[in-house]
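Numbering (this note's numbering), first residue to last: 12 to 244.
Built from N, CA and C at the ideal position, the CB exists for glycine as well.
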Ligand code: T5A
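Okay, structure coming up:
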């Protein structure tokens, strides 16, 4: 049985983790694998993903608003998210497209929330007004030692290019970030799966695909089987 699009709502997958964990690399592979199963899928990223949010991305990653502090940054990342959700994510999910997103709400929880020591009640309120009921169906947390990720990110820049606002933070910041993502995964095991990202790219892809096959594809197969049975009646 082929995994054709079912006409139902698409699934929403997010990739999270520290700098250089391999999120962008894996994002493309996942989307290609979904398309090979004839699932309509698109890749997107945060901050960004829609014209308004990309404008905010440029400002946020330039570091020129760092002095405003984590609370204001959390609001600005959320403002970008509202545009992204309204313009791209919700319309795509509603028409049955699967959306695979490089970073989403857990990055705000980890970078601004945990590292910025924000009151969790402030973040919950912000999530409520930003997202309503929208949550990822599956979040893959790519985990690796902070120094390995930073070295990968630096190598990708060719060593010379300028590190962005958050890559410039010290190693202690990035180690705490790793712990924050692991804590999120521990608190929400139904939504989150930790992926050991220190392995080779193909091994990481294999682990990610195992999680998607385990958590999301059975639901799709079920809907499809019901639809086929209905057609056959
Ligand atoms: N942010 C974002 C917040 O503070 N709050 C928020 O709410 C949100 C949404 C975004 C920044 O904004 C912050 C977090 C970030 O600091 P970005 O430019 O989008 O910045 O950067 P990152 O998301 O951190 O992405 P990176 O590009 O740094 O890392 P990736 O995407 O995880 O890594 P990737 O795939 O580019 O890989 C890095 C290098 O490693 C190699 C790749 O070829 C590449 O050269 N690589 C591997 N090498 C060995 N083994 C593997 N398994 C490898 N996988 C990839």
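At the C-beta level, residue 157 and residue 132 stay beyond 9 Å of one another. Note: residue 220 is not bridge-paired with any residue in the DSSP secondary-structure output. Distances taken from the Cβ of residue 201 to the heavy atoms of the ligand T5A include none shorter than 8 Å. Residue pairing for residue 141: DSSP places it in no beta bridge.
Shortest Cα-Cα distance from residue 83 to any of 46, 51, 130 involves 130.
Residue 95 counts as buried, since at least 16 other C-beta atoms from the protein chains shown sit within 10 angstroms of its C-beta. Excluding five sequence positions before and after residue 202, the CB atoms of its chain that fall closer than 6 Å to its own CB belong to 150, given in chain order.
Taking all protein chains shown into account, residue 140 has fewer than 16 neighbouring C-beta atoms within 10 Å of its C-beta and is therefore exposed.
Unbroken beta strand (DSSP E) runs of no fewer than 3 residues, entirely contained in the segment 125–179, are found at 149–154, following chain order.
Distance from the CA atom of residue 105 to the CA atom of residue 198, rounded to whole angstroms, is 28 Å.
Short of 6 Å from the beta carbon of residue 41, and not among the five residues preceding or following it, lie these beta carbons of its own chain, in chain order: 111. Within the DSSP secondary-structure output, residue 204 pairs in a beta bridge with 151. For residue 69, the number of other beta carbons within 10 angstroms of its own is below 16, and it is reported as exposed.
Of the candidates 64, 66, 109, the residue whose Cα lies closest to the Cα of residue 49 is 109. Secondary structure at residue 113: strand, using DSSP grouped into helix, strand and coil.
Excluding five sequence positions before and after residue 57, the CB atoms of its chain that fall closer than 6 Å to its own CB belong to 114, 115, given in chain order. Within the DSSP secondary-structure output, residue 23 pairs in a beta bridge with 110.
A check of alpha carbon separations from residue 209 across 80, 144, 162 identifies 162 as the nearest. In this structure, residue 113 has its CB closer than 8 Å to one or more heavy atoms of the ligand T5A.
Annotated as distal: residue 176 and residue 59, with beta-carbon spacing of 9 Å or more. In the DSSP assignment, residue 32 falls outside any alpha helix (DSSP H) and carries neither an H nor an E. At a cut-off of 8 Å, the beta-carbon of residue 158 does not count as near the ligand T5A: no heavy atom of the ligand is closer than that.
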